[in-house]
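**Q** The working numbering puts the first residue of the sequence shown at 13, with every later residue one more than the last.
This structure is in structure tokens; I'll ask about it shortly.
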Amino acid sequence: MNTIFHNKLVAIGKHTLNPVGFVAYALLCLLRGQVDLREFIRHLYRFIYGVFPIVLMACIGVGGVVALQGLEYVARYNASEVFGWAAGLSAFRDVAPLLLSFVLANAVGARNTAELLAWRAQAGEVSFKALGIHTFRIIEGPRLFALTVAALLLYPIAVVATLVSAIVFAGMVGDQNVYASFYSIYHYVPLAILGAGLLRLGCFGFLIGVFSVYFARTQRFDPLSVGKGVGRAAAISTLLICILNFVLTALETL
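What follows is the structure, given as structure tokens:
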């Protein structure tokens, strides 16, 4: 019994410390300039172009949900002038960062893991090392940091799409004054909330990038294990995003 318990503790420690060590290694490579700029720009374009339609449609749909929730409170308390403030606060800090990070984790992050596993399975890593090429600099690092920057660049689009769809939908369904809603956002929502949402999304994007690369580095090459690696990267990224969002929200309320 003690042996089983000891092995479990060792496994938990290994799976906790290994990603932490990889994060430190990735940041050190970035500070040393060991990330290829051309590959970074190429993957940044690929990631944004590939996920943009999904992000846009998801934000429009979620904007409708935000509108319905806001209209319920407007009807209950007869406070139509605060609808824009409530929608803006929700979109800037919670809805846009979480929605965008979930889309990135399950679309771009999973795809990134699959591509890296396929590259390793074709002996790409062995060939690069035999030629003396720094694999993190050319292959893995650009993908990791491109995913982080892609999340930050998509944030304004997600916010605007969510807010516009929420306000337009509220105007169509609940006769909410569109001008009053936009004025409420401008007048009552502080810019610090926008910064808080951007900070959250930066953390979420970096987390997705780290685990999409980490599981590609540590997974075996047989087909079943490749599928597990892709699934784990997406699932664990999503779980940790929820936990990190809770922690950041708790810190903001202190």
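For glycine and all other residues, C-beta sits at the position ideal for the given N, C-alpha and C.
Just so you know, these numbers come straight off a predicted model, no measurement behind them.
Straight-line CA distance for V238 to F114?
**A** Near 21 Å, if we compare the C-alpha coordinates of F114 and V238.
**Q** Select from A36, D106 and V94 the residue whose C-alpha is nearest the C-alpha of L210.
**A** Nearest C-alpha to L210: D106.
**Q** Would you say I248 and F227 are within 9 Å of each other, going by their C-beta atoms?
**A** Contact flag set, yes.
**Q** Assign H55 to one of two classes, buried (16 or more other C-beta atoms within 10 Å of its C-beta) or exposed (fewer than that).
**A** H55 should be labelled buried.
**Q** CA-CA distance, A130 and L175?
**A** The alpha-carbon atoms of A130 and L175 are separated by roughly 39 Å.
**Q** Identify whether V77 lies in helix, strand or coil by the three-state DSSP scheme.
**A** V77 falls in the helix class under three-state DSSP.
**Q** Quick one: residues in its chain with C-beta nearer than 8 Å to the C-beta of G76, no 5 flanking neighbours on either side, listed in chain order?
**A** Taken in chain order, the residues that qualify are S177, A178 and F181.
**Q** Using three-state DSSP, classify P202 as helix, strand or coil.
**A** Coil, per DSSP.
**Q** DSSP three-state call for D48: helix, strand or coil?
**A** Of the three classes helix, strand and coil, the one that applies to D48 here is coil, per DSSP.
**Q** At which residues does the alpha helix (DSSP H) containing R123 begin and terminate?
**A** Residues A122 to A133.
**Q** Below 8 Å, how does it come out for the segment 66 to 80 and the segment 180 to 197: are there three or more Cβ pairs, yes or no?
**A** Yes, the segment 66 to 80 touches the segment 180 to 197.
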